[in-house]
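Here the sequence shown is numbered in the numbering used here, starting from -3 and rising by one per residue.
Taking it in order: structure first as structure tokens, then the write-up.
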Amino acid sequence: MPQAGPVEQDLELSCSSVTISAQVLVAQAAPAQMLPSPALSAPLCSTGHLRAQCCLDAEVEKGGHINPAVSLAMCVTGRLKWTKLPIYILAQLLGAFVGAAAVFGIYYNAFMEYSDGKLEVTGPNATAQIFATYPAPYLSLINGFADQVMSTAVLLLAIFAIFDTKNNSVPKGLEPIAVGLLIIVLTCSLGMNSGCAMNPARDLGPRLFTAVAGWGMEVFTAGNNWWWVPIVAPLLGGVLGAMIYVIFIEIHHSDPQSGEENEAHAKYELTNMA
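Have a look at this one:
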């Protein structure tokens, strides 16, 4: 079978990102807040996130990333060509939009029953937060911005560590499980303030869908004009986390060809013997 050219490869990766993003959003949004018990929503959403994201984000080195924050961080650190960044982001946004449409279509009757036929952004029967993130009533924009920067920085730092073969990386084949557990931990520990988006496409794509599907432009004004925070903050946080890993860990790896690694190991054993 002949090798695909650069254009074909880009198209293939873009289509894969579209499909992947749609699957992730469906998995994340389906349980949502129409569950019989609110206590069940967090574990079910986390499980859906695990099943979709762990199988896909774990292939970041092969182009299977569905998060603009990951794509940008990879460009900044030289792991992805800058010319491919717009293609990835467009595909990721389109995939998230399609995923939101799929959720709305599949659960249309449930939406209408739950909200009494009214698609609301705020209030006791609000359903917009099923698709995009919105801040808790107590959360300020500054606090929310810092929240998203920190959570995405930790995400990228950990992803870089998981795939760093020169470090004590995760055994081959177990990366999806590691990334899935990472997503669960971050979502459960840092998701109280605003849902822990950590992904501009996962937030903006569905938000655009809700704007045209009946929720209206309030999706952009709710939460003191919150909409831009889960877009800008994760991009900054992703680059920050990636650079922290590169500066403090990656560039300090010893060169196996130089024998430095063997010397360090010998010194370590000698110290233990003493």
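Cβ coordinates follow ideal geometry from the N, Cα and C atoms, glycine included.
This structure is a prediction, so every number in the text was calculated from the model and none was measured.
Checklist entry - For the region 113 to 164, which segments carrying the alpha helix (DSSP H) assignment without a break, of at least 4 residues, lie completely within its bounds, in sequence order? => result 137 to 158
Checklist entry - Can you give the Cα-Cα distance for SER250 and GLY74, rounded to whole angstroms? => result 19 Å
Checklist entry - Would you call the region 59 to 72 and the region 160 to 175 in contact, with 3 or more CB pairs under 8 Å? => result no
Next on the checklist: I'd like the span of the alpha helix (DSSP H) that includes VAL94, first residue to last.
Outcome noted: Here the alpha helix (DSSP H) through VAL94 covers 81 to 102.
Checklist entry - Buried or exposed: which applies to GLY191, given that a residue is buried once 16 or more other Cβ atoms fall within 10 Å of its Cβ? => result Its Cβ being crowded by 16 or more others within 10 Å, GLY191 is buried.
Item to check | For VAL228, three-class secondary structure by DSSP | outcome: Three-state DSSP puts VAL228 in a helix.
Checklist entry - Can you find at least 3 beta carbon pairs, one from the region 231 to 248 and one from the region 128 to 137, that sit closer than 8 Å? => result no
Next on the checklist: Please list the terminal residues of the continuous alpha helix (DSSP H) segment that includes VAL279.
Outcome noted: Summary: the structure shown does not reach residue 279, with the chain confined to residues -3 through 270, and so no result is reported for it.
Item to check | Anticipated Cβ contact below 8 Å, THR148 with GLY219, distance rounded | outcome: Incorrect: roughly 19 Å between the Cβ atoms, too far for contact.
Next on the checklist: Given this structure, state the Cα-to-Cα distance separating ASP199 from ALA193, to the nearest angstrom.
Outcome noted: 7 Å
Checklist entry - Three or more beta-carbon pairs under 8 Å between the region 89 to 106 and the region 201 to 212, yes or no? => result yes
Item to check | VAL235 versus ASN63, ALA69, ALA229, residue with shortest Cα-Cα distance | outcome: Closest option to VAL235, Cα to Cα, is ALA69.
Next on the checklist: Mapping the DSSP letters down to three states, classify ILE245 as helix, strand or coil.
Outcome noted: coil
Item to check | Own chain, CB closer than 6 Å to PRO34, minus 5 neighbours either side, in chain order | outcome: Only weak support is given to the placement of PRO34: the predicted model assigns it a pLDDT of 44, under 50, and the value that follows is read from those uncertain coordinates. Nothing meets the Cβ criterion.
Checklist entry - If GLN144 and ALA229 are in contact, beta carbons under 8 Å, what's the gap, nearest whole angstrom? => result Between GLN144 and ALA229 the beta-carbon gap is near 3 Å, inside 8 Å, which marks them as a contact.
Next on the checklist: So for GLY44, helix, strand or coil by DSSP?
Outcome noted: Below a pLDDT of 50, predicted positions are generally treated as unreliable, and GLY44, at 41, falls in that range; the measurement from the model is reported next regardless. It is helical.
Checklist entry - What is the rounded straight-line gap between the Cα of LEU151 and the Cα of LEU178? => result 7 Å
Checklist entry - What's the C-alpha gap between PHE141 and ILE85? => result 21 Å
Checklist entry - Skipping 5 residues on each side, what residues in its chain have a beta carbon closer than 7 Å to that of LEU89? => result ALA197, LEU200, GLY201
Next on the checklist: Using a Cβ-based criterion (distance less than 7 Å to any ligand heavy atom), does PHE205 qualify as near the ligand FMN?
Outcome noted: Among the components of this structure there are no ligands whatsoever, and the ligand FMN is therefore not found.
Checklist entry - Can you give the Cα-Cα distance for ILE160 and ASP112, rounded to whole angstroms? => result The residue asked about is misnamed: residue 160 is Asp in this sequence, not Ile. ASP160 and ASP112: Cα-Cα distance of roughly 51 Å.
Next on the checklist: So the candidates are VAL72, LEU81, ASN105, VAL117; which of them puts its Cα closest to the Cα of ASN221?
Outcome noted: VAL117
Checklist entry - How would you call SER185, buried or exposed, if buried means at least 16 neighbouring beta carbons within 10 angstroms? => result exposed
Checklist entry - Going straight from the alpha carbon of LEU153 to that of MET108, what length do you get? => result One C-alpha to the other measures close to 41 Å.
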